[in-house]
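Quick note, the sequences are listed as chains A and B, same order.
With positions in the first sequence counted from 1, the corresponding number in our numbering is that position plus 4.
With positions in the second sequence counted from 1, the corresponding number in our numbering is that position plus 2.
Step one of this worksheet: look at the structure below.
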Amino acid sequence: MTCLEKNIVLQMNHIMKIYSNGVVANEDVSIELEKGEIHALLGENGAGKSTLMKVLFGIESPDEGQILLNGQETSIRSPQDAISKGIGMVHQHFMLVPSLTVAENIILGVEPRKKGVFIDMEKAVSAAEEIAQKYNFDIDVRTKVEEIPVGIKQKVEILKALYRGADILILDEPTAVLTPQETDELFVQLEKLRDNGHTIIFISHKLDEIKKICNRATIMRSGRSMGTYEVKDISTEDMSRLMVGRDVVLTFEKEEAKPAGVILKVRDLSVRNAQGVLKVDNLSFDLQGGEILGIAGVEGNGQSELINSLTGLNKSYQGRIFVKETDIEKSSIKEIRDLSVAHIPEDRMTSGCAGNLNILENLFSNQYTDPEYSGKMLLKVKRIQARSVELIKEYLIKCRSFRQNVGMLSGGNIQKVIVAREFSTGPGLIIANQPTRGVDVGAAEFIRKRLLAFRDAGCAVLLVSADLNEVFSLSDRLAVMYKGKFSGVFTNVADVTEEELGQYMLGLKHQEEQEGVIYE
Amino acid sequence: MNNAKRFDLFRMFFSVLIALLISFVIIFLVSSEPVTAITTLITGPLKNKRSMGNVIEAMIPLIFTGTGVCIMFSANQINLATEGGFHLGGLVAAAVALKLGLPAGLSPVVAICLAALAGAVFCAIPAVMKIKTGSPELVSSLMINYLSLWLCTFIMMHFLQDPSVGSASYKLPAASELPTLVKGTNIHAGLLLALLVALFGYVFLFKTRTGYELRLTGENENFARYSGISIVKVILISQMVGGVIAGIGGSVELLSPIYTRFSWIALLGYGWDAIIICTLAKKNPLYTPLAALFLAYLRTGASIMARYTDVTLEIVQIIQGIIILLVVAEQFLSGMKHRMIAKEAKASLKEGEVA
């Protein structure tokens, strides 16, 4: 078929985007939009979806590649430029002024004028009502934005883009903040828009939603496009495989676990988040030396809150946590670390490293007080340098020297720096939260092998991961976390199928009696 | 030196060059004798011993406050109370010199030590407020400077004032004065102390445990906390050490041969200048003497120019302003930097494919 027949409205060809810290967010991405389709952009966190959309919306300029709008090569210099070319974006975090009315928000920046100076409010209201009616949005445009629920706010955002003449609408994870009912309503609206000839880019990693509403899907993985597929022709399994790259089957030679006494003991732990929502609900479990306890689950089911409490980052919890028989309720993070606890954090850039400091400085943040590396006052620079060289070698960190800033390394190498730091203290308990997320296959395998080696040496490992394959291949015991509880615990991992695990993850199944959670 | 650092250095020189060129254009526009004015600005300080001395004298307080600010800013504590700490240091030194009647040799030592203490306590106030109440140190330290100014003025007027002069203290005794190092100039022993402090600042930040904690926190507080570093300790120590240095700076300045009385009834501005020094030195105390030398040279040159030609002293503020704008402007030459980084990244992508 030719372009004309298919009516291609937008093409982005071989887009490469390198950020100023040297991170290659888009290596080679191509995407093609047909008029009147809902096109899913699918990929894991860090796959480069947002970067690609920022390039399209004029927030970032690409280093290589071209953008064709209706067959014409074009460059998009700013969001204003994008809007004038008929591209609108609804951000995940709404960009609305709460104290203004819906109508005022819609016309903001493109106000109808009276005598060239004053805002013509009557016209504004009627224009806003007109556009809401045209697209069947049931909204009272005179209400203040602060008084309306999230679902309506999102509609206002969409109307804002439509009012500015958007033909192509980018929706960045639009359902993340919506209730199921609101989501259904949104889908109805999106279908109407599509039938009106609008083209919609739907960014998501929720496969069922994509199945439900999208025509085609472009799948991205670590900065590359993995192809565009007709949604009806591809199974969710294939989509997820392309997205997370699970075709690389991992099998590890695993010796029988040799349990070596309880190291971590959690009893009746409940944690609320800052908004007061119960995120960990009366959880109890034990973890022994020499075993890996894997925790699977959809993100946001209390995993982060659990880990923050175990590592001392969160001190407001109910229940008791013991590390090697020490109750850590009053212990500082340093004191917990001194109990030989290592922690690989969920998000390496926010808390795992300092991008503007060099590799050496990032390798010792947890052990610079060790007499090996410092006296009472001064750091033993020579020894630290020598040890850095060793660690870089041992952990295969690809860099020019230990003086290179960590922010200039690739994601996988940054992760290796973190892993090297955490593992080099000879930990007795490793708490690993998404240890291989957004990391290339080689680095991921390296990190997994290390985790196994520590387990064989008698170390207790708590592994939280969204990567099912990882949890399956490493865990000696496997728990599924759903709404702050373990919905299922499996002592024999080989007996569980992926489908079954999925049902526990989504809360469709729940074990009434759980065995093997506590050793007593 | 890696590419990023080399680029920063290049950008710095380029900024200075642009600022000078713009100021030359302005001089050409406003002056009837532009060539003389520019020559005086550039070479004036080198004309005689006294002018060269003026440059070095002007450097000394800048090194102190610049180093103090480097330490606080390295920990990402934007404490601007060096201004007030410096002022308070001067007052404490004057009080010690006038009231304790200590012998020569001992008097300046005691004065400097007590001034250091006063500076530490003073600069710790915003830190404690931050820890206890969460108030941003930027605002509290900015306002607290006026407290220092008026407190010092009050104490001077009530306890140290020389009624025959008015708004100044009694004459400081000879026993408290810092010795002159070079005859025929006012270059004093404070220079050595200033250089020592800059060196100390460098060692402290880059070679000690505490300095490492400060820098880690300054670069990424979440990372520091996760690593087990006490953020409260970093907030307090960084601002107190900055205060110590500011206090010493104030006392050294007052005890130098430049001043015979405590007559500071307005803030002197060394705290503000310190931010320029810190910016030019890229938060590394080791470079503060260089940055201070540059600024002092420029100011001395400008004041000579103002004396002998029709161009006023304020031209120096234009130059300063442009340099700071360009140095802190992330986007300045960012296109060039980005091309450099993109080239490296593409090269390593290719490497990866081969390997």
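Just so you know, even glycine gets a beta-carbon here, dropped at the ideal spot from N, CA and C.
query, result
"Could you tell me which chain A residues have their CB closer than 7 Å to the CB of Glu316(B), listed as they occur along the chain?", "Those do not exist, as Glu316(B) stays about 36 Å from chain A at its closest Cβ, beyond 7 Å."
"Three-state secondary structure (DSSP) at Lys148(A)?", "strand"
"Can the beta-carbon of Ala248(B) be found less than 8 Å from the beta-carbon of Cys72(B)?", "no"
"Helix, strand or coil for Val252(A)? Go by DSSP, reduced to three states.", "Caution applies to Val252(A), whose pLDDT of 47 falls short of 50 and renders its modelled position unreliable; the value that the coordinates give is listed next. Three-state result, Val252(A): coil."
"Below 8 Å CB to CB, which residues in the same chain sit around Ala529(A) once its five sequence neighbours on both sides are set aside?", "No information on residue 529(A) is available, as it lies outside the stretch 5 to 524 that chain A covers here."
"Count the other CB atoms within 10 Å of the CB of Ala390(A); is the residue buried (16 or more) or exposed (fewer)?", "exposed"
"Would you mind giving the Cβ-Cβ distance between Ser288(A) and Gly316(A), rounded to the nearest angstrom? I have them listed as a contact below 8 Å.", "Their Cβ separation, rounded to whole angstroms, is 19 Å, which puts Ser288(A) and Gly316(A) out of contact at 8 Å."
"Examine chain B for any beta-carbon lying closer than 8 Å to the beta-carbon of Ala358(A), and answer yes or no.", "yes"
"Quick check: the Cα distance between Val252(A) and Asp444(A), rounded to an integer number of angstroms?", "A caution first: Val252(A) carries a pLDDT of 47, below 50, which makes its placement in the model unreliable, though a value can still be read off. Approximately 11 Å, taken between the alpha carbons."
"Leaving out the 5 sequence neighbours to the left and right, which residues in its chain are closer than 7 Å to Ala96(B) when beta-carbon positions are compared?", "Leu162, Ser171, Leu174, Leu256 and Phe264"
"Spatial neighbours of Thr330(A) within its chain, please: C-beta separation below 8 Å, excluding the five flanking residues on both sides.", "Leu343"
"For Asn437(A), which beta-bridge partners are listed by DSSP?", "Val468(A)"
"Do you know whose CA, among Asn30(A), Ser239(A), Ile205(A) and Thr232(A), lies nearest Leu211(A)'s CA?", "Ser239(A)"
"In three-state terms, what does DSSP make of His347(A)?", "strand"
"Can you find at least 3 beta carbon pairs, one from the region 209-223 of chain B and one from the region 351-366 of chain A, that sit closer than 8 Å?", "yes"
"Between the Cα of Val235(A) and the Cα atoms of Val13(A), Arg220(A), Arg245(A) and Leu510(A), which residue gives the shortest distance?", "Arg220(A)"
"Helix, strand or coil for Met243(A) per DSSP?", "helix"
"Ignore the nearest five residues each way along the sequence and tell me which others in Ile35(A)'s own chain have a CB closer than 6 Å to its CB.", "Met16 and Thr222"
"Just how far apart, CA to CA, sit Phe156(B) and Gly245(B)?", "21 Å"
"With DSSP as the reference, label Lys21(A) as helix, strand or coil.", "strand"
"Measure the alpha-carbon distance for Thr429(A) versus Ile422(A) and round it to whole angstroms.", "12 Å"
"In angstroms, rounded to a whole number, what distance separates the CA positions of Leu505(A) and Ser469(A)?", "13 Å"
"Ala196(B): which of Thr187(B), Ser166(B) and Val254(B) sits nearest, CA to CA?", "Val254(B)"
"Look at Lys209(B) and Val385(A) and say whether their C-beta atoms are less than 8 Å apart.", "yes"
"According to DSSP, is Ser17(B) part of a helix, a strand, or is it coil?", "helix"
"Any idea what DSSP makes of Gly506(A), helix, strand or coil?", "helix"
"Kindly provide the ranges of any alpha helix (DSSP H) runs that are 4 or more residues long and lie completely inside the region 158-224 of chain A, ordered along the chain.", "184-199 and 211-217"
"Assuming Ile320(B) and Pro47(B) form a contact by the criterion Cβ under 8 Å, report the distance between their Cβ atoms to the nearest whole angstrom.", "Not quite, the Cβ-Cβ distance comes to about 19 Å (not below 8 Å), so this is no contact."
"Check whether the Cβ of Met230(A) lies closer than 8 Å to any Cβ atom in chain B.", "no"
"Mind checking the region 59-70 of chain A against chain B and listing, in chain order, the residues whose C-beta falls within less than 8 Å of any C-beta there?", "Asp67"
"What is the DSSP secondary structure of Gly40(A), counted as helix, strand or coil?", "coil"
"So, for Glu59(B): in the same chain, excluding its five sequence neighbours on each side, which residues have a beta-carbon less than 7 Å away from its beta-carbon?", "Asn188, Ile189 and Ile260"
"Cys437(A) and Pro375(A): beta carbons closer than 8 Å?", "In the sequence as presented, Cys is not what sits at residue 437(A); that position holds Asn. For Asn437(A) and Pro375(A), no; Cβs fall outside 8 Å."
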